[in-house]
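Peer 1: Numbering-wise, the sequence shown is residues 79 to 400 according to the numbering used here.
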Amino acid sequence: MRVAAVDCGTNTIKLLVADVDVEAGTTTDVVRESRMVRLGEGVDRTGRLAEAALERTFAAVEEYAALVREHRVDPAHTRFCATSATRDAANAEEFGDGVEQRMGVRPEVLSGGEEARLAWAGSVRVLRETPSAPVLVVDVGGGSTELVLGHTGAEQDRPDQAHSMDIGSVRLTERHLHSDPPGAAEVAACVADVDAVLDQCPVAVGDALSVVGVAGTITTLAAGVLGLAVYDRELIDQQVLDVAEVHRECDRLVGLSVEQRLELPWMHPGRADVIAAGALIVSRVLARTRATELVVSESDILDGIAWDLARRRAQRLARPPA
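Shown next as structure tokens:
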């Protein structure tokens, strides 16, 4: 079954067109695209999606709509999911109308819990080696961070605990990190914010023996730990990193200016100004686990959306007519 999945977050909008064989449990990428549009710029302060941010995002949606048509995806097999920025915006309806006009599908604004479940389904299902349980999936986005704790095996689509926290790389940068590079007081305020949210998080982070990290903040950190000459998705996927090395890379990035981060050969220009806040979130989460290693997965919520869509469509098609 050919499906199209769109994940529209606070910083990035991503498209996956894939051929999914639900029975065999395999997914073959046809098209995978990503654009840094910063849809959630200013949402934490204003509670609204900015006009310029909407224009950037709609331009990307038009590109994606053309790709979906080019690859002949049935509209019934297309799912557009929006996350933190859209959940928080008073003018989310304007965004939804614009997407529907351009792509022919209405965006589905995911709850934090559903976002976490799909991040789990997208990452844990495809791990080449079974991690020690309990497994914690960490998905650091621009506006929110999802923590999902569970066990691998037959119940992969149903993690034990999941929670979405309103802390993300864009949100915390706009709140706290105003200097370049951020000053000690700003970093301390950001860390205090992260710790306060983690203190209230219902997921038993301290129980985790393994951690799987997904999405751009963590894959970018991985590129730094590996010392890559260029960002390489294939090299980064499934890498097992020493947690102590991840902490050191987090500290290094926080201490650099935006200009210095841009000089790193693996740094995406759209992430350089917010990676410090993302790194602080990652570091504070890892510090609360019992894990000594971080498994990095390039498969994330986007893959979970595609898999979940194909699985549900296959179930409907398999039902006998009433």
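For each residue, glycine too, the CB sits at the ideal point set by N, CA and C.
Pick out whichever of 386, 393, 392, 99 has its Cα sitting closest to the Cα of residue 200.
Peer 2: Nearest C-alpha to residue 200: 386.
Peer 1: The alpha helix (DSSP H) spanning residue 130 covers which residue range?
Peer 2: It spans 129-148 - the alpha helix (DSSP H) in which residue 130 sits, taken as one unbroken run.
Peer 1: Just mark residue 224 as buried or exposed, buried being the case when its beta carbon has 16 or more other beta carbons within 10 Å.
Peer 2: So residue 224 counts as buried.
Peer 1: Quick one: Cα of residue 311 to Cα of residue 104, how far?
Peer 2: Straight-line Cα distance between these residues: approximately 19 Å.
Peer 1: What does the alpha-carbon distance come out to for the pair residue 252 and residue 353?
Peer 2: If I take the Cα positions, the gap works out to 12 Å.
Peer 1: Output the distance between the C-alpha atoms of residue 79 and residue 335, rounded to the nearest integer angstrom.
Peer 2: Rounded to whole angstroms, residue 79 to residue 335 spans 46 Å at the Cα level.
Peer 1: Cα separation between residue 113 and residue 288?
Peer 2: So the two alpha carbons sit approximately 30 Å from each other.
Peer 1: DSSP three-state call for residue 233: helix, strand or coil?
Peer 2: Confidence is the limiting factor: at residue 233 the pLDDT is only 46, short of 50, which leaves the residue's position unreliable, though a coordinate-based value still follows. Here residue 233 sits in coil by DSSP.
Peer 1: DSSP beta-bridge partners for residue 113?
Peer 2: DSSP, once it has assigned bridges, lists 91 as partnering residue 113.
Peer 1: Please report the straight-line C-alpha distance between residue 183 and residue 139, rounded to a whole angstrom.
Peer 2: Taking the straight line from one Cα to the other gives about 11 Å.
Peer 1: Going by alpha carbons, who is nearest to residue 274 out of 378, 82, 366, 327?
Peer 2: Checking every option, the nearest Cα to that of residue 274 belongs to 366.
Peer 1: I think residue 315 touches residue 197, with their Cβ atoms under 8 Å apart; what is that distance to the nearest whole Å?
Peer 2: Going by Cβ atoms, the distance from residue 315 to residue 197 rounds to 15 Å, so no, they are not a contact pair.
Peer 1: Can you give the beta carbon distance from residue 94 to residue 116, rounded, assuming they're within the 8 Å contact cut?
Peer 2: About 21 Å separates the two Cβ atoms, so there is no contact after all.
Peer 1: Given residue 180, which residues of its chain have a CB within under 8 Å of its CB, disregarding the five upstream and five downstream residues?
Peer 2: So the qualifying residues of the chain are 136, 139, 140, 143.
Peer 1: Once DSSP output is grouped into helix, strand and coil, what is the label at residue 310?
Peer 2: In this structure, residue 310 counts as coil in the three-state DSSP scheme.
Peer 1: In the DSSP assignment, the beta strand (DSSP E) including residue 41 goes from what residue to what residue?
Peer 2: Outside the modelled stretch of the chain, which goes from 79 to 400, sits residue 41, for which no answer is possible.
Peer 1: Go ahead and pull the three-state DSSP assignment for residue 291.
Peer 2: Reduced to three states, the DSSP call for residue 291 is strand.
Peer 1: Here's a check: name, in chain order, each residue in its chain whose Cβ is nearer than 8 Å to the Cβ of residue 308, leaving out the five neighbours to either side.
Peer 2: The answer, listed in chain order, is 343, 344.
Peer 1: Tell me the DSSP secondary structure of residue 390 in three-state form.
Peer 2: Three-state DSSP puts residue 390 in a helix.
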